[in-house]
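So the structure is just underneath, and the comments pick up after that.
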Amino acid sequence: MPKVGLFIPCYIDQLYPQVGMATVELLARFGVELDFPQAQTCCGQPMANVGCTADAEPLAHRFVEIFAPYEYIVAPSGSCVAMVRHHYHEYFPPGGPRERDYDRVRTKTFELTEFLIDVLGVTAIEGAFPHRVGLHQSCHGLRELRLASSSELVGRPYNKARQLLASLDGIELVELARPDECCGFGGTFAVSEEAVSCMMGRDRIHDHLQAGAQVMTANDMSCLMHLEGLIRRDRQSLRVMHIAELLVEAIGRVQGSGFRVQHSDAAKGRALESPGRSPGEPVSPQVAQGPTGRNSVR
Amino acid sequence: MPATAHAQRATRFVANADRAHWHDQSLWWVRVKRDRQAQSLPEWEELREAASQIKAHTVAHLADLLEQFEANATGLGATVHWARNAAEHNEIVLGILQTHGVRRVVKSKSMLTEECHLNPYLERHGIEVVDTDLGERIVQLAGEPPSHIVLPCIHVKKEEIGELFHEHLGTEKGSADPNYLAEAARRHLREKFLAAEAGITGVNFAVAETGGLVVCTNEGNADLGVSLPKVHIACMGIEKLVPRAADLGVFLRLLARSATGQPITTYSSHFHGPMPGGELHIVLVDNGRSNIVGSDDFRRSLACIRCGACMNTCPVYRRSGGHSYGTTVPGPIGSILAPVRDAKAFAGLPHACSLCGSCTDVCPVKIDLHHQLLTLRREIAVQGYLPWTKRLGMRLASAVFRRPGLYRLFGRLGRWFLRRAPRFMLYHRFNAWGQQRELPPAPKRSFRDLYRDRSNR
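Those sequence lines, one after another, are chains W and E.
Under the numbering used here, the first residue of the first sequence carries the number 1, and numbering increases by one thereafter.
Under the numbering used here, the first residue of the second sequence carries the number 1001, and numbering increases by one thereafter.
Next up, the structure:
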């Protein structure tokens, strides 16, 4: 059983622990053996994005040192994974002492939905979520990690998060007028360009509301932190959920936690050991432990 | 008060919510048109890749190709001038005009002449310059710079154009009918065309192997402007070169689709030497470009064909307007070109960006715009132009993140404060986040606390 190092972005650790727990639960459901290295803090993205690379560098080195021993590294964030995968190169120059460690970490670090689909070979999740859901495409997951096809490019359309969501019973994924426009979070941009940032956020929320969404979900909690801040201030009725929370809640709705895992043939070779194994104990009251039979949707 | 000049201007732009939404939607509509055209070509991504490689080759061989172009253009009877900077460019153009005793000039769209501030320079020397592109003429009458490189007056509403034309062209007061106004502009410009003694154009592409030029317009104003007078002055940045005529088959297909969502511009005019009895002067302008050739980080920005697609797609540009950038070329590409030339004056521009990456994906020549903006942020920090508040904040944050114990402590204290502090202590004028947004929740326990409990159970 490969050992997965769980990478929980600092702001999720501090502000959205339930998103981290949902990630643990989801991965455990697929039989993934997890370890959360307690020494981890921040990947360094805030510093790097402001241009303070000298302040980001020691954090990049810490990250690689902490996570190098794991066979996979998984995080419920496209943005932080993009930082590790695409923006660490300058901290690990060719021929440097940690170059090989970084190479390993870089190729083994995955965003959560990407890990489920590309590594575990999951094609569908048995769960039910009888709501109208809008999927907000977080930019770094979209255009850095290519978790979905972006609307600017010409080619075969695909969308990993949407694929998982669409497999849930009863879910209605609403069509947005602008399928992948930025929400305006952008790290320090949210503060230094506050006016534009908030207008972008409100436009994104409006798009979800006009499409009839009851729930807005995304792969990145940072976008949702900004959007939820606006939704709460404006007292709008739009529930905000990280995709890990949504999937765990959907699984919980299937009584007895009938947990059907489907593998794509292509991914089988790379998949971990058959992930039908149940974790040792229920990790959340929402999910009842039970036999792996087929169950009716509540 | 926002820290950067862009943020201040953007705040004013956004304050007029109706106008900001109108601006956003107008440009998004162009983006949608562009998407439709791009999607109609299954080979779109191959075209982009080809264009990117041709431009990379061109920039790598720029000196040789420029000399080849000069030789071939001269062979066709054109006169080629070299200008190191904007001042030299302006002097050369003025010199040509004075030699011919020209007092009235018509000019089709050229961002290079905007960059060099040619119009005010010529006007100071007693020469009337009339921009003949309708949008350019509108901003010229309004006394403003263009707010977009392809759609110069995208920020102006038709009612405002009606006012402007009433004042300058004598149209009926209160009329904002586009057909009526366009007809009035046509009549007005026709007089200017007929009276002009020289025509200035920009250049979209210059072909090294032929010495020819291509100028793209939708209004035919470049053609008219250089057909009537005997003197044609074509002003171009040295990066406008392509090696072969065949390369136009790539670029002309990309340009109009990316710019306005048209399959091709209405007029793609090829000039090979002067017309019979006339003169063609080509002014090759460096103005800082050769410095960028030497930069591994920013060389690719020279591939830009000035289509404006990065502006149309930029969620910040659409909501802050072209004038918020304070540069000749606004938007994502402008936020690279300006600070690369003058990091101190334009230090804020690379931060006027949420790093969404849409510009990179829309760019027809595959410039990695958002990565260059990120690299520029580093340059600006290294050169010491980042506000001290950000520098200090990041240094402290990094110091905390390097010490897990300290990180846990600060996290616990921060969450405690968020939970317990009265609202007035959290929401005040120094908290930019909280002006329009609620702060995130502050749970009692962090993820790592919960995880430890779970593991210990």
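Built from N, CA and C at the ideal position, the CB exists for glycine as well.
Non-local C-beta neighbours of Leu142 (chain W) in its own chain, meaning closer than 8 Å and more than five positions away in sequence, comprise Gly78, Ala148, Ser150, Asp180, ordered along the chain. For Leu1369 (chain E), the closest alpha carbon among the candidates E:Ala1083, E:Gly1211, E:Glu1115, E:Thr1313 is that of E:Thr1313. Scanning W:Glu144, W:Val32, W:Ala75 for the CA closest to the CA of His1371 (chain E) turns up W:Glu144.
Here DSSP, grouped into helix, strand and coil, assigns Ser151 (chain W) to coil. For Phe1447 (chain E), the three-state secondary structure derived from DSSP is helix. Interface flag for Leu153 (chain W) against chain E is set, since a Cβ pair is found closer than 8 Å. Counting the other CB atoms within 10 Å of its CB gives Glu1067 (chain E) a total below 16, which places it among the exposed residues. Against Asp13 (chain W), the close residues of chain E are Ser1446, Phe1447, Arg1448, in the order they occur along the chain (beta-carbon pairs closer than 7 Å). Spatial neighbours of Ala1050 (chain E) in its own chain (CB-CB distance under 8 Å, excluding positions within 5 residues in sequence) are listed in chain order as Val1250. For the region 72 to 151 of chain W, the full-length beta strand (DSSP E) segments reaching 3 residues or more read 72 to 75, 109 to 111, 122 to 125, 132 to 136 along the chain. When Cβ-Cβ separations below 8 Å define contact, Gly20 (chain W) makes contact with chain E. Between the C-alpha atoms of Glu1160 (chain E) and Phe1401 (chain E) there is a straight-line separation of about 53 Å. In this structure the region 199 to 215 of chain W does not lie against the region 1440 to 1455 of chain E, because fewer than three pairs of beta carbons, one per stretch, are closer than 8 Å. Exposure of Pro1263 (chain E) is indicated by the presence of fewer than 16 other C-beta atoms within 10 angstroms of its C-beta.
Within the region 76 to 103 of chain W, no residue has a Cβ lying closer than 7 Å to any Cβ of chain E.
Residues of the region 1314 to 1328 of chain E whose Cβ lies closer than 7 Å to any Cβ of chain W, in chain order: Pro1315, Val1316, Arg1319, Ser1320. Considering only E:His1166, E:Ser1301, E:Thr1201, the residue with the shortest C-alpha distance to Ala1184 (chain E) is E:His1166. Non-local beta-carbon contacts of Cys10 (chain W) in its own chain, meaning distances under 7 Å to residues more than five positions away in sequence, involve Thr41, Cys42 in chain order. Between the region 1321 to 1328 of chain E and the region 1003 to 1012 of chain E, the count of C-beta pairs closer than 8 Å reaches three or more; the two stretches touch. When secondary structure is reduced to three states using DSSP, Gly1277 (chain E) falls in the coil class, being assigned neither helix nor strand.
When DSSP states are grouped into helix, strand and coil, Val1080 (chain E) belongs to the strand group. Note that the C-beta distance between Leu1141 (chain E) and Leu1164 (chain E) is below 8 Å. In the displayed model, Cys1310 (chain E) falls within a helix according to three-state DSSP. Within chain E, the residues Ser1398, Phe1401, Arg1402 have their CB atoms less than 8 Å from the CB of Leu59 (chain W), given in chain order.
Annotation: the continuous beta strand (DSSP E) that includes Tyr1267 (chain E) extends over 1267 to 1271. Interface annotation, Met1275 (chain E): not in contact with chain W, CB-CB separation never under 8 Å. Glu99 (chain W) is classed as exposed because its beta carbon has fewer than 16 other beta carbons within 10 Å across all chains shown.
Going by DSSP, Leu6 (chain W) is part of the beta strand (DSSP E) stretching over 3 to 6. Residue environment analysis places Leu230 (chain W) among the buried positions, since at least 16 neighbouring C-beta atoms fall within 10 angstroms of its C-beta.
DSSP, reduced to helix, strand and coil, places Asn1085 (chain E) outside both helices and strands of the structure shown, so it counts as coil.
Pairing Gly1211 (chain E) with Ala1073 (chain E) gives a Cβ-Cβ distance under 8 Å. For Gly1434 (chain E), the closest alpha carbon among the candidates W:Arg233, W:Leu224, W:Leu173 is that of W:Arg233.
For Val196 (chain W), the C-beta contacts it makes with chain E under 7 Å involve Ala1010, Val1014, Val1316, Arg1319, Ser1320, in order along the chain. Annotated three-state conformation of Val1293 (chain E) is helix, per DSSP. Bounds of the alpha helix (DSSP H) holding Leu1062 (chain E) are 1062 to 1075.
For Ala1083 (chain E), same chain residues with a beta-carbon under 6 Å away, outside a window of 5 residues either side, are His1089, Ile1092, Val1283, Val1285 in chain order.
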